[in-house]
Amino acid sequence: MKNIEEQLKEILLPILEDERINLVDIQIKGKPGSQVFRVFVDTEGGITLNKCESISRQLSDELDMRDLIPGKYRLEVSSPGIDRPLVSRNDFRRNLARDVQLMYEAETEPKTFQGKIISVTDEAVEIQGQKETRIIPLSDIKKGKLCLPW
Numbered sequence: 472m473k474n475i476e477e478q479l480k481e482i483l484l485p486i487l488e489d490e491r492i493n494l495v496d497i498q499i500k501g502k503p504g505s506q507v508f509r510v511f512v513d514t515e516g517g518i519t520l521n522k523c524e525s526i527s528r529q530l531s532d533e534l535d536m537r538d539l540i541p542g543k544y545r546l547e548v549s550s551p552g553i554d555r556p557l558v559s560r561n562d563f564r565r566n567l568a569r570d571v572q573l574m575y576e577a578e579t580e581p582k583t584f585q586g587k588i589i590s591v592t593d594e595a596v597e598i599q600g601q602k603e604t605r606i607i608p609l610s611d612i613k614k615g616k617l618c619l620p621w
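Take any residue in the sequence shown, note its place counting from 1, add 471, and you have its number in our numbering.
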């Protein structure tokens, strides 16, 4: 049986594809009956409030029609903001030459590495740190975020 996040993606992706919008992240908070579903979306040129409203209405209609979520829930659709997570190959490509911090799965334990993105391939991200350069497979990256200059 698919979890709620997988079911949400299944409903959401066709809506987003029609609008040429990228799914950045889904966050689910709270307990059943009072959950908050946060959907973060973006486009190459940035997402507008009108697009977020449209996606929210379409997704809400689908969720209600399928009776997927028992009880009350709150749905929030928005841009990921400046502290957006880096999750896809395109996220890393879009932030080439910027400083990032990555949490990734190493051989025996999770590791953190900070540096500048110097290249992105289909399989990995190359990061230049202060003392060394690391090539980290995309499949090993658990979390990435921009290091803001202020």
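Just so you know, even glycine gets a beta-carbon here, dropped at the ideal spot from N, CA and C.
Note that the coordinates shown come from a computational prediction; the quantities given were computed from them, not determined experimentally.
Whole-Å CB distance - residue i paired with residue j, under 8 angstroms assumed
i: Val507; j: Arg545; result: 5 angstroms
i: Ala583; j: Leu567; result: Looking at the sequence shown, residue 583 is not Ala but Thr. Not quite, the Cβ-Cβ distance comes to about 20 angstroms (not below 8 angstroms), so this is no contact.
i: Val512; j: Ile492; result: 5 angstroms
Through-space distance from residue j to residue i, alpha-carbon basis
i: Glu610; j: Thr514; result: The sequence as given places Ser at residue 610; Glu does not occur at that position. C-alpha separation (whole angstroms): 23 angstroms.
i: Gln601; j: Val558; result: 23 angstroms
i: Lys587; j: Thr519; result: 29 angstroms
i: Arg528; j: Thr579; result: 44 angstroms
i: Leu484; j: Asp532; result: 15 angstroms
Assigned secondary structure, residue i (DSSP; H/G/I helix, E/B strand, else coil)
i: Ile588; result: strand
i: Ser549; result: strand
Residues near residue i in its chain [Cβ-Cβ closer than 7 angstroms; skip 5 each side]
i: Pro551; result: Val495, Asp496, Phe511, Asp513
i: Cys618; result: Asp570, Val571, Gln572, Gln585
Residues near residue i by beta carbon distance below 6 angstroms, same chain, minus five either side
i: Lys614; result: Met574
Residues near residue i in its chain [Cβ-Cβ closer than 8 angstroms; skip 5 each side]
i: Asn561; result: Asn493
Residue i - partner residues in DSSP beta bridges
i: Gly417; result: Outside the displayed span of the chain (472 to 621) sits residue 417, for which this structure offers no information.
i: Ser505; result: Lys543
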